[in-house]
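Chemist:
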Amino acid sequence: MAPLIRLEGLTKRFGETVAAEDVSLDIEAGDLFGLLGASGSGKTTLLRLLGGFETPTAGRVLIDGVDVTSMPPYERPTNMMFQSYALFPHMTVAKNVAFGLKQAKVSAGEAASRVEEALELVKLGGLGGRKPSQLSGGQRQRVALARALVLRPKVLLLDEPLSALDKKLREHTQFELMKLQDQLGITFVMVTHDQEEAMAMCCKIAIMDRGRVVELGTPRDIYERPKSRFVADFIGSANILEAEPAGPGRVALTGLGVSCATRETLQAKGWIALRPERISLSTAPAEGGPWPSGVIEAIAFHGDFQAYKIRLDGGAEVRVATANVPGDPEPGDRAYLSWPADAPVVLTH
Amino acid sequence: MSAATERQRNVLALPWFWLSVFVLAPFLIILAISISSATYGAPPLELFIDWKSGHVVFDVDFDNYALLASDSLYLRGFLNSISIAFETTVLCLLVGYPMAYVMARAPERIQPMLVMLVVLPFWTSSLIRVYAWIGILKENGLLNGFLMHLGLIHEPLVILNTPIAVQIGMVYSYLPFLVLPLFATLQKLDWTLLEAAADLGAKPWSAFFRVTLPLSWPGTMAGALLVFVPASGEYLIPELLGSAKLPMISTVLWTEFFANRDWPVASAIAVVLLLILAIPLFLVQGRQPAQGHI
């Protein structure tokens, strides 16, 4: 099956600045797709290119097989939920939601029932008569969502949909959005700078850096098998140690005097990434060594786990997240690291 | 009373003082003159309230208002002034709205320059600017010379001393009063709202009528009033560019006051004009809270 959205060599320059550089990407129908990146990485530009708010410098955008590259927003089968929500302040909630229906010349009776239905869907039934200024932030977010969904777009674009909400509400809304997406079967493309949010919600993520898509895959793929130091460090936290090839499936850790097994074979000087939660800590050397060891510099209590900051003998600093350490070491004590063979990820750049 | 409300009262004292001394008091004087009767002397009137042999004597005279109603000269004067002010307002809106819109959407760094260009004419006296229009519009003036040079016309157009000349002068003079408040409103407009409208299927014109126009309504009305109110009392432009062919209420007032030395009738005209102008103002004010926030 052809993908619902296809970006071909999409480039957007604003004068000297390159916001998107040769982006080619397929998004399947029914996906909840995440564009993840730091600010200025070009993720919002990409979303705006999808919505028709920017014209690309080069490349094409296809939606459902139709070239929409030069199509204005009002003709595209997409709807956007703006980061600021962009609700019309002079209209009631119901009029806001009905805006697009009126534009599409839907009959008044049908429009009224669809507005009602959309407001029920986002649990705002009965608030149709209010002005946006009389609503809370969370309610405004739902109005924006209802206003975009009521038009039954092929693609819903969400620009940082949860960034304006407080933490508790954000987590709750994450699930609501996922449920809605599942229920309606509309393809969602979401921009976010919050990697936890992207991992929790999206079935596929594109990670952007300086206008390029640097990695694409499922959250699990990207988390467990990042391909670059940038991605390993950007997604979750990672200890990145310099490494050199030491035979098939083995690397030597530069400056630490130890080696370890890896799944892939490193061909030239590179790095390995180790997730803090994959490392075990003990007060005595573990089996199958030699393992790196060092001095515990600090311990932070997080409730469900504890974070250890360890200064290795070679000088490198390593973070370890673990629930318990046999021997209960304290700051200043020596500790030995170890990890399962599938924990280190080989990175070439 | 708390310190805050006291401070608030102190802050408001100055504008209240100003308004009482320079607006309310003169208005009351004019109101008083308008119900007094004219006579020979200096000043040429007998005040409606007087002190005669130890008694306060009232001699309220509404004849001046009756005269305004009975002589069609005044009615025509009012109608001419109001209609030319209305036309000026409409033309200023048609020219000024696009101007303010383009200014508000221009890159932020050139906006101060654009505002400057709108304000720049104020640095020359309005009398001189209106005189300059005589030079442009007269029979052997710049405009006719230019059009004849291009071969578009072979006979000079008669523009000066016609209502068209007055209209040109009025629109030219009052345009900044509309552009500036409208620009200030449009500049604050969140342009994302227009993107949202486009996203929801609205073509540019439709987005303008459903979003931009309603949200810029307060600024539009403020600008329109700033044009309409002074334009209906305009004296100089019809006098210079229209050679007072159309009796405007301002010309009539001038004649009553200076030529006929009939202060009470002139004051009655001023009071009626004020009432005519105050009514739309109150109507707009009443609507303000509903449309108020942007």
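So the sequences go chain by chain: A and B.
Each residue of the first sequence is one higher than the last, beginning at 11 in this note's numbering.
Each residue of the second sequence is one higher than the last, beginning at -14 in this note's numbering.
Backbone N, C-alpha and C define an ideal beta-carbon position, used for all residues, glycine too.
Taking a contact to mean a Cβ-Cβ separation below 9 Å, would you say residue 304 of chain A touches residue 320 of chain A in this structure?
Modeler: yes
Chemist: Could you give the distance in angstroms between the alpha-carbon of residue 120 of chain B and the alpha-carbon of residue 144 of chain B?
Modeler: 11 Å
Chemist: Could you check whether the Cβ of residue 114 of chain A sits closer than 9 Å to any Cβ belonging to chain B?
Modeler: yes
Chemist: Would you say residue 180 of chain B faces chain A, with C-beta separation under 9 Å as the test?
Modeler: yes
Chemist: Could you give the residue range of the alpha helix (DSSP H) that holds residue 293 of chain B?
Modeler: Any answer about residue 293 of chain B is impossible in this case: the structure gives chain B only from -14 up to 279.
Chemist: If I'm right that residue 167 of chain B touches residue 205 of chain B with Cβ under 8 Å, what's the distance once you round it to whole angstroms?
Modeler: Contact flag correct, Cβ pair sits at about 6 Å.
Chemist: Of all the residues that make up the segment 43 to 76 of chain B, which are near chain A by a beta-carbon distance shorter than 9 Å?
Modeler: none
Chemist: For the beta strand (DSSP E) containing residue 280 of chain B, list its first residue and its last residue.
Modeler: Any answer about residue 280 of chain B is impossible in this case: the structure gives chain B only from -14 up to 279.
Chemist: Work out the CA separation of residue 44 of chain B and residue 53 of chain B for me, nearest whole Å.
Modeler: 19 Å
Chemist: Rounded to whole angstroms, how far is the Cβ of residue 325 of chain A from the Cβ of residue 31 of chain A, which I believe are closer than 8 Å?
Modeler: Actually they are not in contact, since the Cβ atoms of residue 325 of chain A and residue 31 of chain A sit about 37 Å apart, beyond 8 Å.
Chemist: Take residue 17 of chain A as the anchor and find which of A:99, A:56, A:108, A:26 has the nearest alpha-carbon.
Modeler: Shortest Cα-Cα distance from residue 17 of chain A to any of A:99, A:56, A:108, A:26 involves A:56.
Chemist: Do you know whose CA, among A:198, A:107, A:122, A:183, lies nearest residue 168 of chain A's CA?
Modeler: A:198
Chemist: Report the residue ranges of all beta strand (DSSP E) runs contained in full by the segment 202 to 285 of chain A; include only those spanning at least 3 residues, in chain order.
Modeler: 214 to 219, 222 to 227, 249 to 255, 260 to 263, 268 to 271, 280 to 284
Chemist: Quick one: any contact between the segment 54 to 68 of chain A and the segment 127 to 141 of chain A, if contact means 3 or more CB pairs under 8 Å?
Modeler: no
Chemist: Give me the Cα-Cα distance between residue 278 of chain B and residue 172 of chain B, rounded to the nearest whole angstrom.
Modeler: Unreliable positioning characterises residue 278 of chain B in this predicted model, as indicated by a pLDDT of 43, which lies under 50. A coordinate reading is not provided.
Chemist: Cα separation between residue 114 of chain B and residue 68 of chain B?
Modeler: Roughly 23 Å separates the two Cα atoms.
Chemist: Taking Cβ to Cβ, would you say residue 209 of chain B is nearer than 9 Å to residue 170 of chain B?
Modeler: no
Chemist: Could you give the distance in angstroms between the alpha-carbon of residue 38 of chain B and the alpha-carbon of residue 32 of chain B?
Modeler: 16 Å
Chemist: Starting from residue 27 of chain A, trace the beta strand (DSSP E) in both directions and tell me its first and last residue.
Modeler: Segment 27 to 37, the beta strand (DSSP E) holding residue 27 of chain A.
Chemist: Output the distance between the C-alpha atoms of residue 88 of chain A and residue 73 of chain A, rounded to the nearest integer angstrom.
Modeler: 9 Å
Chemist: With 9 Å set as the bound, which would you pick, yes or no: does the beta-carbon of residue 66 of chain A sit closer than that to a beta-carbon of chain B?
Modeler: no
Chemist: What are the partner residues of residue 355 of chain A, as DSSP defines its beta bridges?
Modeler: A:283
Chemist: Could you check where the beta strand (DSSP E) with residue 19 of chain A kicks off and where it finishes?
Modeler: First-last of the beta strand (DSSP E) with residue 19 of chain A: 15 to 24.
Chemist: Please work out which residues of its chain come closer than 6 Å, Cβ to Cβ, to residue 39 of chain A, disregarding the five sequence neighbours upstream and downstream, and give them in chain order.
Modeler: Excluding residues within five positions, the ones whose Cβ falls inside 6 Å are 14, 197.
Chemist: Since residue 88 of chain A sits in a beta bridge, which residues does DSSP pair it with?
Modeler: A:165
Chemist: Report the neighbours of residue 90 of chain A on chain B: residues whose CB is nearer than 7 Å to its CB, in chain order.
Modeler: 184
Chemist: Since residue 96 of chain A meets chain B, which of its residues come closer than 8 Å, beta carbon to beta carbon?
Modeler: Near residue 96 of chain A (Cβ distances below 8 Å), the residues of chain B are 175, 177, 178, 180, 181.
Chemist: Flag this pair as yes or no: are the beta carbons of residue 233 of chain A and residue 296 of chain A separated by less than 9 Å?
Modeler: Residue 296 of chain A is positioned such that its CB atom lies no closer than 9 Å to that of residue 233 of chain A.
Chemist: Three-state secondary structure (DSSP) at residue 115 of chain A?
Modeler: coil
Chemist: Quick one: residues in its chain with C-beta nearer than 7 Å to the C-beta of residue 191 of chain A, no 5 flanking neighbours on either side, listed in chain order?
Modeler: 42, 198
Chemist: Quick one: what's got a C-beta closer than 6 Å to residue 300 of chain A's C-beta in the same chain, skipping five residues either side?
Modeler: 268
Chemist: Helix, strand or coil for residue 115 of chain B, going by three-state DSSP, please let me know.
Modeler: If DSSP states are grouped into helix, strand and coil, residue 115 of chain B belongs with the helices.
Chemist: Report the residues of the segment 195 to 228 of chain B with a CB closer than 8 Å to any CB of chain A, ordered along the chain.
Modeler: 195, 196, 199, 200
Chemist: From this set, A:133, A:314, A:306, A:354, which residue's C-alpha is nearest residue 338 of chain A's C-alpha?
Modeler: A:306
Chemist: Quick check: is the beta carbon of residue 169 of chain B nearer than 9 Å to any beta carbon in chain A?
Modeler: no
Chemist: In or out: residue 129 of chain B buried (at least 16 other Cβ within 10 Å) or exposed?
Modeler: With 16 or more other Cβ atoms within 10 Å, it is buried.
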